[in-house]
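The sequence shown begins at 1351 in this note's numbering and counts up one residue at a time.
In this text, a Cβ means the ideal position worked out from N, Cα and C, and glycines have one as well.
Below you'll find the structure, written out as structure tokens, and then a few comments.
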Amino acid sequence: MSGGFFEVCGSTEISVALTASKLGYTRLHGHDITVTACYCGPPLDTEKIVAVLEEALGAVSRGSLEEALGESGAIAEDLLRWLSRRLPERIESSVICLLEARWGRLPRIVRLRLRQ
């Protein structure tokens, strides 16, 4: 096989609290988010991706997303930008190329493509 590369992905789920302002009052509500990181290059053990993903997301899981990111009104796009600065650029010879956040069972998917 010549040319091409593998896109190897690992996922983990986090639970976060988000602030909702509605009808004049503010309250927290929880969301489960499946976060996926993909590394492009030669074959790679997915457990290595999951390990670095879980370590990076430790500061966010089970807490307020806004407090963890230091940003009011934080959303999935903010989470992925934040995460892209905390994950290693390389694992072995593979380079990070895609991050994805999937909100619970809802059809809401946000992707941050870091490389083509």
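Whole-number beta carbon distance between residue j and residue i, since they are thought to touch under 8 Å
i     : j     : result
T1362 : L1430 : About 14 Å; that fails the 8 Å criterion.
A1409 : A1426 : With 8 Å as the limit, A1409 and A1426 do not qualify as a contact, their Cβ atoms being about 17 Å apart.
Start and end residues, alpha helix (DSSP H) containing residue i
i     : result
K1434 : This sequence places Ser at residue 1434; Lys is not what is there. Here the alpha helix (DSSP H) through S1434 covers 1426-1434.
A1418 : 1415-1419
Contacts around residue i, its chain only, beta-carbon distance under 8 Å, and the 5 residues preceding and following it disregarded
i     : result
L1464 : S1434, I1446, C1447, L1448, L1449
T1396 : V1358, C1359, G1360
Local conformation of residue i per DSSP, three classes
i     : result
L1403 : helix
E1357 : strand
E1397 : helix
S1444 : strand
S1422 : coil
A1409 : coil
Whether residue i touches residue j by CB criterion (7 Å)
i     : j     : result
D1428 : L1437 : no
P1393 : F1355 : no
Neighbourhood of residue i by C-beta, 7 Å cutoff - its chain only, sequence neighbours within 5 removed
i     : result
Y1389 : V1358, I1399, I1441, S1444, V1445, I1446, C1447
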